[in-house]
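Participant: For any residue, its number in the numbering used here is found by taking its place in the first sequence, counting from 1, and adding 59.
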Amino acid sequence: MSPEENKPTDFIREAVAEDLKSGRYTYVRTRLPPEPNGYLHIGHVKAFMIDYLIAKENNGELILRFDDTNPTKEETEFVEAIEDDARWLGIEWVKVTYASDYFNELYEWAKKLVLMGKAYVDDQTPEEVSKNRGTLTEPGVNSPYRDRDVEENMDLLERMKNGEFPDGSRILRAKIDMAHPNINMRDPAMYRIIHNPPHHRTGDTWKIYPMYDWSHGQNDSMEGITHSLCSLEYENHRPLYEWFLDQLGVFKPRQIEFSRLNMNYTVMSKRKLRRLVEENRVNGWDDPRMPTLRGMRRRGYTAEAILDFIRRVGVAKNYSVSDVALLEECVRDDLNKRALRRMAVIRPLKVVIDNYPDDLAEEMDAINNPEDPSAGTRKVPFSKVIYIEQDDFREVPPPKYHRLFPGNEVRLRYAYFIRCTDVVKDANGNVIEIHATYDPATRGGDAQDGRKVKSTIHWVSAKHAKEVEVRMYDRLFNKENPEEGEEGFLNCLNPNSLEILSGYVEPALASPTVGSRYQFERLGYFCVDPDSLPEKPVFNQTVNLKDTWAKMEKKGK
RNA sequence: UGGGGCAUGGUGCAAUGGCAGCACACCAGCCUUUGGAGCUGUGGAUCUUGGUUCGAAUCCAGGUGCCCCAGCCA
60 MSPEENKPTD FIREAVAEDL KSGRYTYVRT RLPPEPNGYL HIGHVKAFMI
110 DYLIAKENNG ELILRFDDTN PTKEETEFVE AIEDDARWLG IEWVKVTYAS
160 DYFNELYEWA KKLVLMGKAY VDDQTPEEVS KNRGTLTEPG VNSPYRDRDV
210 EENMDLLERM KNGEFPDGSR ILRAKIDMAH PNINMRDPAM YRIIHNPPHH
260 RTGDTWKIYP MYDWSHGQND SMEGITHSLC SLEYENHRPL YEWFLDQLGV
310 FKPRQIEFSR LNMNYTVMSK RKLRRLVEEN RVNGWDDPRM PTLRGMRRRG
360 YTAEAILDFI RRVGVAKNYS VSDVALLEEC VRDDLNKRAL RRMAVIRPLK
410 VVIDNYPDDL AEEMDAINNP EDPSAGTRKV PFSKVIYIEQ DDFREVPPPK
460 YHRLFPGNEV RLRYAYFIRC TDVVKDANGN VIEIHATYDP ATRGGDAQDG
510 RKVKSTIHWV SAKHAKEVEV RMYDRLFNKE NPEEGEEGFL NCLNPNSLEI
560 LSGYVEPALA SPTVGSRYQF ERLGYFCVDP DSLPEKPVFN QTVNLKDTWA
610 KMEKKGK
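This is how it looks when you write it as structure tokens:
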């Protein structure tokens, strides 16, 4: 496929191309406008990639601008975390700016509107403002302060700025139309008074702070942004976005809206994610079950896989809920190509090979990645006592079960054929040990007489094994849409979303690097958690391998 | 009962008046020293009614359904 054919197209890219062609703009500049009030999640990635790629594809620029207009919610910690996550994704920007960089200039622009008679200071209480806004079907009524003269408005605004009035006592409002069918146009607030807490960057310099509507478009204009791309809920704000710019007579970017990313089996709202963390339903914002970038990073997802998912989801205006199965498929697809294969047994069952010499240990050759010959090979030690997966043995095999059962022969990957000869049980009847014999003529995995076995299973030599902790993850919620209903999401938490196991890994995995990713053969992809200790590494399950047998067995029931 | 927006297989996205296609999921088979990967194939969709047109997912009109908006949040 040529790069040309591979290039995604959608209504936004088409609009941008048209704007360039028509001469409406001669260049492309977009902006990434996160509010530094929380950690980034997978939903943000879609918006980020739209802004980044559209700039990049048009040889344009991206500005990372923090929308820090509300000091009661924002913190420097989040600025740093967001930058770090965005960089991890591979996003590049020409500079970092802040809405707060423009507070002075914006204030001058506000005075200009006051002078034009397009803005006024309103002394109504918040309750009165709300009451007089009207409803969806009834027009609002004008504030009694709406017709204050310019001089008084200028004076009051200056005194608001100087901190002479308490929070909530006054606001600056645009003078538009209290009967407008679009409620955003009913004299929207431009500035509100906030004395505390201090702003994370400007400290207590300012006592008034601009609202989103008054700040965003103006900042876009000041920065020469050509395309201000945002999610659908801002569609209703576009008339206001344009009104301010028209009144000021300044450079006018184009706002285009798209639908945000939703995903099943998780929640995306900041409020709900916060509750999960604060009520200890998960272990922090970087819990591998969280849809946050920090969670997914810890889980072992690669940036490439996440970006591929975003690309496959596409861009449109339909309300949509993406399937987490697609994300997982993208992760498998990426890791399949790059992850080294290793043998690990996560639910061990001991097997004693009775006819194998007691003290012998052989080195078996194993392929590191069948998808990538350059990854080479390694040696794996083999001996008389090994561990295999509990799932790989059944005392009474179900139909089509090809793995180990009494009398059956299977291949130990990269080693020998073994045949199960005996089963040892504890007092409760649980199988605790298997006895088997091996065929010395099958070393390496092939029988000289040409006989075949139907199954190949993985194993770890008990004598050479390293004990590790393995954290198995399942979906955080057991309902496709946990967000429906306000309080319901906590009631559909999956109680089994985390399972901690103790397993064994081959020596090649005895001292793994934190963050490195492996495929545990036949089990899935795993990555090394920061909680790892030299004496006990910790692995997170990133995603399982497709399991045809599990599916068959489930279906048979 | 105001304004804005959106309706295409189970899910997400294409088709820009001319054979409804792609990916994931699903199902069947091939292959396999991972029941992985890979390969082949099957099934399944244009919200509804009417109109324009040789021809409509696309244009027009009505209907229905869903989403957003009444923060001094973004």
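Glycine included, each C-beta is placed from N, C-alpha and C at the ideal position.
Where does K595 fall in DSSP's three states?
Facilitator: K595 falls in the strand class under three-state DSSP.
Participant: Let's see if you can read the secondary structure: which residues bound the beta strand (DSSP E) around M423?
Facilitator: Per DSSP, M423 belongs to the beta strand (DSSP E) from E421 to I426.
Participant: Take T480 as the anchor and find which of H275, Y360, E492 and C289 has the nearest alpha-carbon.
Facilitator: Residue E492 is the option with its Cα nearest to T480.
Participant: Which value, in whole angstroms, describes the spacing of the CA atoms of K170 and G199?
Facilitator: Rounded to whole angstroms, K170 to G199 spans 25 Å at the Cα level.
Participant: Does the distance from the C-beta atom of A74 to that of I315 stay below 8 Å?
Facilitator: Yes, Cβ-Cβ distance for A74 and I315 is below 8 Å.
Participant: Any idea if S561 is buried or exposed, counting beta-carbon neighbours within 10 angstroms, 16 or more meaning buried?
Facilitator: Answer is exposed; the Cβ neighbour count stays below 16.
Participant: How about H627 and P440: are their beta carbons less than 8 Å apart?
Facilitator: Not covered by the structure: residue 627. The range shown for the chain is 60 to 616.
Participant: Provide the residue(s) that pair with N603 in DSSP beta bridges, ordered along the chain.
Facilitator: N603 is bridged to G583.
Participant: For my contact list, L291 and R319 are in at a C-beta cut-off of 8 Å; report their separation, rounded to the angstrom.
Facilitator: Contact flag correct, Cβ pair sits at about 7 Å.
Participant: Taking DSSP's pairing of strands, which residues face K409 in a bridge?
Facilitator: K409 pairs with Y446 and E492.
Participant: Quick one: measure Cβ to Cβ for L332 and M349, integer angstroms, because I've assumed they're closer than 8 Å.
Facilitator: The Cβ separation is near 7 Å, so the contact holds.
Participant: Take P62 and list the residues in its own chain whose beta-carbon comes closer than 8 Å to its own, dropping the five residues that flank it on each side.
Facilitator: With a pLDDT of 37 at P62, under the threshold of 50, the modelled position of this residue cannot be trusted; read the value that follows with caution. Same-chain partners within the cutoff: there are none.
Participant: My parser needs the beta strand (DSSP E) runs of 3 or more residues fully inside the segment 279-355; what are they?
Facilitator: Runs of the beta strand (DSSP E) inside the segment 279-355: 286-290 and 313-317.
Participant: Which residue marks the beginning of the beta strand (DSSP E) containing A178, and which one marks its end?
Facilitator: Per DSSP, A178 belongs to the beta strand (DSSP E) from A178 to D181.
Participant: Kindly indicate which three-state DSSP category K613 falls into: helix, strand or coil?
Facilitator: Note: K613 maps to helix in three-state DSSP.
Participant: Going by the beta-carbon positions, is the gap between G276 and Y300 smaller than 8 Å?
Facilitator: Yes, they are a contact pair.
Participant: Sort P240, L307 and R406 by Cα distance to G168 and report the nearest one.
Facilitator: The sequence given here places Trp at residue 168; Gly does not occur at that position. When only C-alpha atoms are compared, the closest one is L307.
Participant: Are R534 and I559 close, meaning C-beta to C-beta below 8 Å?
Facilitator: Taking 8 Å as the Cβ cut-off, R534 and I559 do not qualify as a contacting pair.
Participant: Using a Cβ-Cβ cutoff of less than 7 Å, which residues in the same chain neighbour E164 once the five nearest sequence positions on both sides are dropped?
Facilitator: Hits under 7 Å: M281.
Participant: How is M60 classed by DSSP in three states: helix, strand or coil?
Facilitator: Summary for M60: the model assigns pLDDT 32, below 50, so the residue's position carries little reliability, and this model does not support an answer.
Participant: Give a yes or no on whether the C-beta atoms belonging to A140 and Y111 are separated by under 8 Å.
Facilitator: No, the Cβ-Cβ distance between A140 and Y111 is not below 8 Å.
Participant: Roughly how many angstroms lie between the CA atoms of H296 and I235, to the nearest whole one?
Facilitator: Those two C-alpha atoms are separated by around 14 Å.
Participant: Using a Cβ-Cβ cutoff of less than 7 Å, which residues in the same chain neighbour I230 once the five nearest sequence positions on both sides are dropped?
Facilitator: Cβ within range, chain order: D181, A248, Y250 and R251.
Participant: If you draw a straight line from the alpha carbon of G509 to that of P456, how long is it in whole angstroms?
Facilitator: Approximately 25 Å, taken between the alpha carbons.
Participant: According to the neighbour-count rule (16 or more other Cβ atoms, all chains shown, within 10 Å of its Cβ), is V380 buried or exposed?
Facilitator: Exposed.
Participant: Pairing CB atoms from the segment 372-379 with CB atoms from the segment 122-140, are three or more of them under 8 Å?
Facilitator: No, the segment 372-379 is not in contact with the segment 122-140.
Participant: Touch check for the segment 358-366 and the segment 383-390: three-plus C-beta pairs under 8 Å?
Facilitator: Yes, the segment 358-366 is in contact with the segment 383-390.
Participant: How many angstroms separate the CA atom of Y415 from the CA atom of L408?
Facilitator: Taking the straight line joining both Cα atoms gives about 18 Å.
Participant: Quick one: residues in its chain with C-beta nearer than 8 Å to the C-beta of N323, no 5 flanking neighbours on either side, listed in chain order?
Facilitator: V380, S381, D382, V383, E539 and N540.
Participant: Please classify M249: does DSSP put it in a helix, a strand, or coil?
Facilitator: Three-state DSSP puts M249 in a strand.
Participant: Below 7 Å CB to CB, which residues in the same chain sit around D226 once its five sequence neighbours on both sides are set aside?
Facilitator: Same-chain partners within the cutoff: I252, I253 and H254.
Participant: Let me check understanding here. Comparing Cα to Cα, which of S442, F536 and L385 lies closest to A495?
Facilitator: That would be S442, whose Cα lies nearest to the Cα of A495.
Participant: Using only CA atoms, which one of V173, Y293 and D451 lies nearest to T515?
Facilitator: Nearest of V173, Y293 and D451 to T515, Cα basis: D451.
Participant: Report the residue from N555, A567, F579 and Q507 whose alpha carbon sits nearest the alpha carbon of I447.
Facilitator: Of the candidates N555, A567, F579 and Q507, the one whose C-alpha sits nearest the C-alpha of I447 is F579.
Participant: Anyone know if the C-beta pair for R192 and R245 falls short of 8 Å?
Facilitator: Taking 8 Å as the Cβ cut-off, R192 and R245 qualify as a contacting pair.
Participant: Counting pairs of beta carbons, one from the segment 182-189 and one from the segment 135-155, are three or more of them closer than 8 Å?
Facilitator: The segment 182-189 vs the segment 135-155: no contact.
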